[in-house]
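Chemist:
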Amino acid sequence: MNREEIILSHITKSGLGLEIGPSYSPVAPKRDGWNVVSIDHLDAGSLRAKYLAWGVDVTKIEEVDYLASGDGIFSPIGEEEKFDYIIASHVIEHMPDIVSFLADCEKLLKLNGVLSLAIPDKNRCFDYLKPLSTAGQIIQAFFEKRNRHLPGVIFDAHALHVKHKKSGEILWFTDVTEDELSYVHTKLEAKKIMDDYVNSGKYMDVHAWQFTPKSFLEILDDLIAIGLTRMRLVSSTETIGHEFFISLRKT
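The sequence shown stops at residue 264 when you use our numbering, and every number in between is there.
1. Taking 6 Å as the cut-off, is the CB of S248 close to at least one heavy atom of the ligand SAH?
2. Locate the alpha helix (DSSP H) running through Y98, then write down its first and last residues.
3. Per the contact definition of three or more C-beta pairs closer than 8 Å, is the segment 29-42 in contact with the segment 91-102?
4. Please state whether DSSP places H177 in a helix, a strand or coil.
5. Which ranges would you report for the alpha helix (DSSP H) in the segment 19-104 if only whole runs of at least 4 residues count?
6. How should W67 be labelled, buried or exposed, when 16 other C-beta atoms within 10 angstroms of its C-beta is the threshold for buried?
7. Measure the Cβ-Cβ separation of T252 and D134 and say whether it is below 7 Å.
8. Who does V127 pair with in a DSSP beta bridge?
9. Have a look at L184, V175, A203, M207 and flag the residue whose alpha-carbon is nearest the alpha-carbon of E193.
10. Taking only the alpha-carbon atoms, compute the straight-line gap between R61 and I239 and give it to the nearest angstrom.
11. Who does I253 pair with in a DSSP beta bridge?
12. Given that a residue counts as buried once 16 or more other Cβ atoms are within 10 Å of its Cβ, and exposed if not, what is Y216?
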């Protein structure tokens, strides 16, 4: 199966779905007949303007139905048990508070609804030198009700951001060693980015959490064991390319 088939493997096309942050590459595009709405941080026009500079096909950007707020994904939609499925491709690692994100998904999903996640493997991307996230760190973020990243998270996201030494590639890797990598930013540059973030008060989007397939499943087990989520594992994969795939069901 290709990545879209894996993400959609537990999803029925006739159901009503929500895709979170599809930006320029929706997994379940409306143009292909999917009964789906989307939530993103910008409207469609602003997304097209943003990604035009990236050299991607902005014609794939579809109209955005809900704009995300600092209160999570439930608040802008505001209707419980609305969706049969939710798709979140490369989303969960950006969330300031993963437990609250899962709780929002629970509220939005119908009973037995599916949350389908595509998650970058930290060993296959610019997070290579960052330590794995732990359940305790995720629980701490939940108790703090974090709706924006801590300054230290912003610092690490830039101070430990890596690229290929030879090619300068800073996105996705396969089969690299630490010797082949170098830092994108100096420590002083990372500090300035952090200071500007603190002084501006504006939200900054970064990878706040780092996972491998094994570490993510261990964290999920911990959250289930202590009652912080009702989502249960349906299926998981090992890393394919630079990402792995997790399907959860609301029980």
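All C-beta atoms, glycine included, are put in the ideal place defined by N, C-alpha and C.
Modeler: Quick look at the numbers:
1. Ligands displayed in this structure: none; no statement on the ligand SAH is therefore possible.
2. The count along the sequence shown starts at 1 and reaches residue 98 at position 85. Looking at the DSSP string, Y98 is not in any alpha helix (DSSP H); the run it does join, the beta strand (DSSP E), is 96-102.
3. yes
4. Residue mapping note: residue 177 aligns to position 164 of the sequence shown, counting from 1. The answer is strand: DSSP assigns H177 an E or B state.
5. Counting whole runs of 4 or more residues, the segment 19-104 contains the alpha helix (DSSP H) stretches 57-65, 87-90.
6. Reading the sequence shown from its first residue, position 54 is the one you call residue 67. So W67 counts as exposed.
7. Start at 1 with the first residue of the sequence shown, and residue 252 comes out as number 239. Start at 1 with the first residue of the sequence shown, and residue 134 comes out as number 121. Contact flag set, yes.
8. Locating residue 127 in the sequence shown gives position 114, counting from the first residue. Beta-bridge pairing links V127 to Y98, R262.
9. The residue given as residue 193 occupies position 180 in the sequence shown. Comparing Cα-Cα distances from E193 to each of L184, V175, A203, M207, the minimum goes to V175.
10. Position 48 of the sequence shown holds residue 61. Position 226 of the sequence shown holds residue 239. Approximately 42 Å, taken between the alpha carbons.
11. Looking up residue 253 in the sequence shown gives position 240. According to DSSP, I253 bridges with E256.
12. Here the question's residue 216 lines up with position 203 in the sequence shown. Counting Cβ neighbours within 10 Å, Y216 comes out exposed, since fewer than 16 surround it.
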